[in-house]
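Report on the following structure.
Here you go:
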């Protein structure tokens, strides 16, 4: 287990992690953490490592891009003084190119995306650990234009993670493996938002990365 | 224009045509025809061919397969005495193989699908015209397993149409052409249910087939 | 086709164009454009002229008069920097005289109406094209007091359009022709707000005016 | 006053009288009578003729034609043993010709309409008084096709009333007079369903006919 | 008829006149005037005196006392520049003594009530006519403590009206006469808020006072 | 305490006891007993006499008259095999005479009322105790026509109770005493349905009658 | 009876007393006091001591701790000028330690709790009487960690009460006695929020403490 | 892994497994399986053993006792032809003794409970595996009356399982271990219905029992 006892684990991201979490900070009883992967990760932590006392906090917000995260970084990351930070972002940076093809002023290029990620690293001090959770598409055809661009941003995030000594958590790899057995339409209507099985898959992938469980 | 004046044009199918149509028969004022392509087709008929007085009737039902259509054929087709009949079916025959992979008792094989279509032809007498509207997937990758199976059913419908002298309306071709310019995620969350642009595209494709409009 | 590629086409008007459009600016996915004629026009543009990449934006607001448009002209027209502008206004300028006969302080006279339209022209710079979309009433009796006053405003708009080299789109003519075949009660409860067929008719009339389609 | 004391006054008709009345019989406290003219008539009877003790009962049903009334005549008229009967019907017999132009199997011709009214007279025994309340359209243009057909049915009802010694209550005349001062759009969106002023106008016209009030 | 043509008739009061009126000023189409007596009065004015063109405006607010009226007098009376003003107030001044017996800081004494009414007269200039509409209770037992106090306030209003040359409209007398024939429970659950018959009764009483109709 | 241990106490009546009780039989957890006096009585029994284990069951139904009770006596009384039965009925037998003055076929005369009560006694065998809970009106003026008729039915119930050796619980006396201190409008809008204080007053009056508590 | 006539009795606390009370101050008609014990206490006061005219006011707020009370003490206690004050607080001070074990910044220690209570005493002047209503848990196992900590806070409140000459009302004792006969699951899902029987039990316990009733 | 490939795994039980599952049989996409442990178990099966193709079906129904299960055994177990059956029942058999202490006709004794379980075994033929999932209470105090009775039924189920060669899955042991670290109020309001962490804990316990995962 790579996390220290009694530490705060903060997750910031987009709708994948939001799923109805409480505002301003999602945590605690009832639906505080929402119904997405942060809730499942919290459950796994309580069941598999109750002695660690890890406190999961969720500040994911639907629709956010890497640019939007930076705009709320002070209140939603710095002020909360996390010990560990997980950044799950990028899908919306890409998606808008395809579902809103005329609104080019809201597009985030891969260069801007990488720069935004680097800026997040630069302005966040005192972390005990930093996790980059990759963008993904539940689409196995790598020639699909949407998937191809996701792969580009995925690789950009990986590069930022490596350069800064952060951990890169590859959700695309996890989903690709899963879809060797099932078609994506069994998990998601839009190939982005997972069903509960997908959230468990994401949470397990993170739990593996922090050493809580093994394959 | 291939339709005779003052005739009834009946559309039977699945959720693509349903979109909130009235029960038991969708037609007439307000939301009677629903908000899908039958409504748009009715509008095009009124605007482009008001002198024909074509009466559009909609008995599409969400979730239906070719098997489900046959089960309600007497009340929903025979009893309504249509002059022209359009059959839009097949997507659910295929979809269940992928989104409900364990429920094999509800799968319709391509052989059963073709046989069902043939049976529809055999038991429907006195039509002035019969239209088969193809299944489709808003997916341009022909190697995608879902798309590949759709293509198989699409071809099976085409064969039944040809064999019986019916008109085959190729929606897959229409969508494929459209997606040369846009990615499918701009039109649909699930690559099956169209947005209003998609419904207009379908209605225009039918209007072309019945000679009401030209390209 | 009279529109240049990759340009913005902005529609400002009243409830005919509003029909649930998003705020502050209606565009993009889902119900952003509302369910009225701007949505249909966007669909026709995508289907018939995908290579042009025309971006439709909708700032129509229910209940607005020409006076109300001017009050929000800066934020809703100037700030959005449209390439093409379509102004659909006038019905409420007239209607209030008949449905609220005692509230004379909210009436807009035909002189004020014409002056408001001229002011819109004067303060809007840099357009590549300007379209005036006429007021109308789904009433074929030209002696009806409401219709007679609509005709007066309709002609006033036409004069402003001609004087300023703008295109005048005559919806009244389009509806009058349609109602040679159908009674207005088949399209509208209040002879103002169209059903989907009416919105398609309006969108087609605009599409004809911009040279996208031909009769 | 032409009604006998402590008698039952039953109103059967369409949506004009329905307006939310209770089922199976609308009467009594709260919203029992609905919010249309039967409620207002009951109020006028209580205020102007409390000593008569007239009991108003409402069995009007939205959408009904003369044919539909006959189908429920036994339960809704005969079984209720009214002393006085008021029949308000005919607008839907006409309206469907214009708003549902293709559904000709639901049209009621003027001959069938007159025959239906005569049948109502023939099968209803023991009345102390019978009132025919005319169909109308809030449209002053007598050349309008809808108004013209309404006038035809209006005259047909008048003829049936005269032939059978019943009282004919001419709502069209009452509305025409009112619209010398106001345009119909000030009273109704669809020129059929009145606002509260219209219901008061109808109720007063009936109250005049039964001699409860004078002009 | 005592009102001049084309004048504004403003009604200020409590829940008896409110009944869902629009904010900030209730008037015009649809439910603008609410469903209480102001709506009925407007209907009577339109039907019986259309040539007068009287504009009814409603600023009654549920729960108000004479004190509450004064607090909004500037915006709701002075600023609206009425020609005629009708003040319907007092029931809540009394009612609170009985239904909230412990909250004495919200009670309005009869002296304060009279002073409030006088102040309304003093600060309102330029009226063509002023009407005081009396408080009432649908209770015929004059020894009932609630009724007895209502009578006291009723008389206080009458005195203010006489002293200032205003017209006093006695609703209590109108209701008392009505309840010679019916028990109050047939008109109201709480003996304060009328059913539609009660609103018609109030509107007729006002119409009589302004000379629009005669008994 | 007059009730035997571990016995069933069944309450049948009208809306006073109904107040949202569960169907078919109101008892047990949550809102099973409703929110009226049966719920309060159950609470008093649990707090003051937990050792008795009395099971309260509620079959009161809004709007019921003595006649309506008899129609469901088999299923709602006999079949439930109560040890003790409390009958709270009569207000609706009277009320309809005043709030629905024209619907005389639904009136229950005092003779029919008394006969209905006697019949209840006659057909119910094997009770350990029978309680008649009096009708009442929250009106202190005994000359009020409604109150006067309530008193008549109240006395009729008392006579039936005395004749059959049943206990008569006088709610009117309890309310009259309470209203020496408060006006009825502080407890009820319609002088029939109590607020929570009224339900506690009723429950206490019953608890006194069964000897559970003393004044 | 220990309360003086015509005095104000203010209750401040947490969700136990809140139960839907009105804002900003809960009192008076309808649901003003909420549906919890303050409502029942008000009813008992009206029924058992109407001559005292005690005015009950409720400013309990769900979720509050002793710390939260102090933050609104000026507006919710001082400004309301109570004669008697009842403080019902402490459960949330304890509960959070168990249901939100990671959010230690919101925990209130027993020392801070006692200090908060003392501060309430210190800053509240001019009371005729002060009541401390104890925290409790509907759990009879004193070794349960939650119950054990409640007991600690309960004793701390008792000590503050004694030290300051205030009355201590021991709800835990009242509940413990009740649960000799019933299991806590019959009264509450979460062992904190009472059902109506529990609220009656609390109100009676307070009524006993103020000498209004005797056992 | 103890389950054979491509087999059906049917879960029958009470509200713990119900949690909104579809009717008549919960399975498949969306919320078919509900949001309780059957959904989580299905996710674990798909992620950890996709090659097994196990089909999870859920026929748990809120409120059911062992007696209620038997009443629907034919339609909900036999007719569905499961390969593996998991029976999760008993909490309601016990709970009613404590939350509905007077309704003894609905209690299920431990003898009847054991007999019911045995009958389930006897009438179910052709299973490849049978799992008994134990009742539990999230209460660590074994002297608590509710917990003590749960333990009794838990042991009875274990005995039936052993006697019949079925697998016994001990949820009580799993929860007891979990509550060494957390208080039950952190997981459940009523100590019966788990939060998502509890459902994951149950699903994992079952997954361990079927050999899908190891500790």
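Chains as they are written, first to last, in my numbering: chain A, 1 to 215; chain B, 1 to 215; chain C, 1 to 215; chain D, 1 to 215; chain E, 1 to 215; chain F, 1 to 215; chain G, 1 to 215; chain H, 1 to 215.
Ideal Cβ positions, reconstructed from N, Cα and C, are used throughout, including at glycine.
So what's residue i in DSSP terms, helix, strand or just coil?
i, result
"residue 123 of chain D", "helix"
"residue 148 of chain C", "helix"
"residue 153 of chain H", "helix"
"residue 107 of chain C", "coil"
"residue 136 of chain A", "coil"
"residue 56 of chain D", "strand"
"residue 173 of chain E", "helix"
"residue 22 of chain C", "coil"
"residue 130 of chain C", "strand"
Give me the Cβ distance between residue i and residue j, rounded to the nearest whole Å; I'm assuming they're in contact under 8 Å.
i, j, result
"residue 204 of chain A", "residue 54 of chain H", "Actually they do not touch by this definition, with Cβ atoms about 18 Å apart."
"residue 2 of chain F", "residue 210 of chain F", "5 Å"
"residue 132 of chain H", "residue 159 of chain H", "Rounded, the Cβ-Cβ distance is 10 Å, inconsistent with contact."
"residue 25 of chain B", "residue 41 of chain B", "The pair is not a contact, with the Cβ atoms about 16 Å apart (cut-off 8 Å)."
"residue 150 of chain A", "residue 206 of chain A", "Residue 150 of chain A to residue 206 of chain A, Cβ: 19 Å. No contact."
Cβ atoms of residue j and residue i: under 8 Å apart, would you say?
i, j, result
"residue 67 of chain G", "residue 116 of chain G", "yes"
"residue 62 of chain C", "residue 14 of chain C", "yes"
"residue 80 of chain F", "residue 136 of chain F", "no"
"residue 59 of chain F", "residue 76 of chain F", "yes"
"residue 107 of chain B", "residue 145 of chain B", "no"
"residue 110 of chain A", "residue 71 of chain A", "no"
"residue 176 of chain B", "residue 140 of chain B", "yes"
"residue 190 of chain A", "residue 95 of chain B", "no"
"residue 17 of chain B", "residue 38 of chain B", "yes"
"residue 4 of chain D", "residue 128 of chain D", "yes"
"residue 101 of chain C", "residue 7 of chain D", "no"
"residue 121 of chain D", "residue 164 of chain D", "yes"
"residue 196 of chain D", "residue 138 of chain D", "no"
Output, in chain order, the set of chain C residues within a Cβ distance shorter than 9 Å of residue i.
i, result
"residue 175 of chain B", "Per Cβ cutoff of 9 Å: no residues; residue 175 of chain B is ~11 Å from chain C at best."
Residues of chain G with CB closer than 8 Å to the CB of residue i, please, in chain order.
i, result
"residue 100 of chain E", "28, 29"
"residue 196 of chain F", "35, 39, 40, 43"
In chain G, which residues lie with their C-beta within 9 Å of the C-beta of residue i?
i, result
"residue 191 of chain E", "Simply none; closest approach about 15 Å."
Chain A partners of residue i, CB-CB under 7 Å?
i, result
"residue 97 of chain H", "Chain A residues near residue 97 of chain H: none, gap ~29 Å exceeds 7 Å."
For this session: Could you name the residues of the segment 40 to 70 of chain D whose beta carbon sits closer than 8 Å to any beta carbon of chain I, in the order they occur along the chain?
Result: Of the protein chains in this structure, namely A, B, C, D, E, F, G and H, none is chain I.
Exercise. Mind pulling the beta strand (DSSP E) runs of 3 or more residues that sit fully within the segment 31 to 96 of chain A?
Worked result: 55 to 58, 84 to 88
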